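Only one structure is covered here, and it is reproduced in the block below.
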Amino acid sequence: MIISFILDVHNYRGGPNIKISVNDLCVFDKQLKKKGINQLDLDVNDFKLPGKIVIEQYGKNMNKDTKVNPVGGILDDKGVSILSVKLGQCELKYEIYLFKFYKQDGEILQNINYLGYNGSFVIPIDDENVNKWKQSLQKYMLKTIDDFDYNKFKQEIFSEGPNLVVNYD
Amino acid sequence: MINTDLLIVTVPVTDTGGKPLQAPAVLKGVAEKNGYSARTMDLNHEFHKLSKTNKKEYDSLKNYFMLGTMLDIKDYKLVDRYIDKVANEVLEQFQPKYLAVSVFTYLCQKFSELFAQKIKDKNPKIKIIFGGMGLQSQGIKSDFEWPEKLKSANTIDHYIASEGEVALVRLLKHGKGPGIDNPDWEQQKELDSLVYPDYSDYDFNEYGTKTLMITGSRGCVRKCSFCDIHVHWKQFVFRSGRSIADEMISQSQKYGIFRFQFTDSLINGSMKAYREFVEIMSDYNKNHPAKITWRGQMIVRGIRSMTKNDWVLTRESGAVSFDIGIESGSESVRDHMKKRFSNLDMDEFIEQAFINKVPCRLLLIVGYLNETREDFQQTLNMLKKYKKYQSMIPEVFPGTTMSILPGTTVWEDHKNDLSLNGGENFWTYAKNPTLDFRERLKRRIVLAEECRKLGYKIDEENGMKLMDFLWKIQIQKQQQSITDIETNVLSDQKYS
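These protein sequence lines are chains A and B, in that order. Under this note's numbering, residues 1 to 169 are what the first sequence spells out, in order. Under this note's numbering, residues 1001 to 1496 are what the second sequence spells out, in order.
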């Protein structure tokens, strides 16, 4: 199976060291030097499901690898945003925010897609069928989502095309 | 420890609204009539009881059983612990030769599979049988890939496709037959001779709603283009009105429960049987202090077909709520759907429901294939017209927007003009090109707002979230993989 990652790289001081493991087997281990969008297409033979994918950042010096201005604002960083993970034809985008990032110091971060610390971003795939698994994720997301904005949704739908006028005559 | 030939269990997760599920009682009755000892356990109900004692654990497990995913790997221990506990409790009470698991919807698959594995680990001698509509994952026309896989892995010993009453007995007697470990099930044509469900193992005090399920027919007399019921049930088969009434009366006397819910796709498919049923029940209710009530799904019939007298008898027989697939206020749209009723039929039906004080919940479909804006306006006009009957219209269900299911006639008949565009909800139709997903969402939003303005109750918090989510998926040109989020709710099921 081809597993593709679209990553947005922040390459301060050489770029992040990224290791990707599939079912505990390392399939990628490199420093990502190119700033911006990087696409990784990994041909993973015999990817047994259920299984897990781990994207790990390592070797970041938290004192040196983040460029900050005098008031603490981040100007540049060594890290990576995960924009998309594609397992065969099954692509995850919004679903990425459901997974957890386990920092090296033990702290667990949720609702993020940015790896700004040393640690592991874990995608547990607990079904043999990735499409069914994705459906489960989406259902989970919908059940737990709490920031749905009806007015924004309505505005977006009515922003294009002919308006719909109700006329009870 | 109770030795029994057969133990039949329900499994999580089905939201029954506090009602007991029917399948184990049906199968117990059939098995015992054929000389086998049988017991039942409602593991689905036991699971829901956990919500009262440990809500956090219940929510985690429910998400896992229903959705199949646990986002924190550490929580898997919770699942294993729960399955182990349930398996131990079952085996401490019973020593069955066969364990039959009623997989009500595909949302019961995860628990069923883990439970079967656990039972096999603990006692490999017990033969495990899976049955129920939940054996198929992707609609009722899909294949039996899941139970086949479990059988190959020796997690289960047998599965029964579709109806279980005859197949289960054949399996116990001969180990094989139509629909046993194969999809070639035979539809039962004669329902009157079926034994009544045996609820003797149920403690009804445990349930919030004392309601018994009852089945008067299987299949449907209509072949609505958007529905796949008629694809599954090859024929509409029904019981006589006498047989249904006898069961209601007998069961109410036996269990002291007087509320019934039909599992049928429609109760008034055969007017002859329906008329006989309401006549008997009307007479019974007039002569007994404990009145029997019932609810179910109906098709719209005009006054020539379902007469004023039928309506009076309907009320007297104990009808307290109908779900009606109105779908649209436009005859042109309904004709395309093959609903086969006119606006006059509908007016007469709703008026009679109002006169006879039988509440009707209206089911609608927004953005059907040939729906124009004029057609849509006709649906709004209909709702405005029926405002005067609002006291008997407790709720309107507009669903999401029209979706195209594989296996339905709307797909088979129009697939040359339909493009699915990556999802059941994202389709476009060459003969009505302006009706894209955005247009359907516009109509859906307007419909909900107009319903509220007119004073109708419409509960759709999850529905709107789902539509927003689908919209985002479509504009990102992603594949749609989600079609619903409430499949575990019993009242949303169209078959038992």
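For glycine and all other residues, C-beta sits at the position ideal for the given N, C-alpha and C. Since the model is a prediction, treat every value here as computed from it, not as a measurement.
- Residue contact with chain B for A/G161: present (Cβ-Cβ distance below 8 Å to some residue of chain B).
- Where A/L40 is concerned, the enclosing beta strand (DSSP E) starts and stops at G36 to D43.
- Going by beta carbons, B/I1160 and B/G1134 fall outside the 8 Å limit.
- For B/R1315, the CB contacts under 7 Å within the same chain, skipping 5 residues up- and downstream, are N1356, K1357 and V1358 in chain order.
- For B/Q1377, a Cβ of chain A is located within less than 8 Å of the residue's own Cβ.
- Under the 8 Å criterion on CB atoms, B/L1021 is classed as non-interfacial with respect to chain A.
- Under the three-state reduction of DSSP, B/L1405 is assigned to coil, being neither helix nor strand.
- Judged by beta-carbon spacing, B/G1296 lies within the 8 Å limit of B/F1322, meaning their Cβ atoms are closer than that value.
- Distance from the CA of B/L1420 to the CA of A/D77, rounded to the nearest whole angstrom, comes to 43 Å.
- Residue-level contact by beta carbon holds for B/F1469 and chain A, with a gap shorter than 8 Å.
- Neighbourhood of A/L75 in chain B, by CB distance below 9 Å: empty, with the nearest CB roughly 31 Å away.
- Counting C-beta pairs with one atom in each stretch, the region 1–15 of chain A and the region 54–67 of chain A have three or more that are closer than 8 Å, which means they touch.
- Not flagged as an interface residue toward chain B: A/N113, since no C-beta distance is shorter than 8 Å.
- Taking A/E95 as the centre and dropping the five residues before and after it, the same chain places the C-beta of L137 closer than 6 Å to its C-beta, in chain order.
- Listed as beta-bridge partners of A/K48 by DSSP are no residues whatsoever.
- Among the residues facing chain B, A/L164 is included, as its CB has a counterpart in that chain under 8 Å away.
- One finds nothing in chain B with a Cβ atom closer than 8 Å to the Cβ of A/K86; even the nearest lies about 10 Å away.
- Here A/K139 is buried. Its C-beta has 16 or more other C-beta atoms within 10 Å.
- Using a CB distance cut-off of 8 Å, B/N1063 counts as an interface residue toward chain A.
- The alpha-carbon of B/V1101 is positioned some 6 Å away from that of B/I1008.
- Pairing B/N1034 with B/N1287, the inter-Cα distance amounts to about 35 Å.
- One thing to note: B/S1342 has its Cβ no nearer than 8 Å to the Cβ of B/T1379.
- Note that the C-beta distance between B/Y1429 and B/L1364 is not below 8 Å.
- Counting only Cβ-Cβ distances below 8 Å, A/N167 has contacts in chain B at Q1377, in chain order.
- For A/F148, the nearest beta carbon of chain B is closer than 8 Å to its own beta carbon.
- Annotation: B/H1230 is outside any beta strand (DSSP E); the continuous alpha helix (DSSP H) that includes it extends over I1229 to H1232.
- Between the C-alpha atoms of B/W1146 and B/Q1136 there is a straight-line separation of about 7 Å.
- For B/M1041, the enclosing beta strand (DSSP E) starts and ends at A1038 to D1042.
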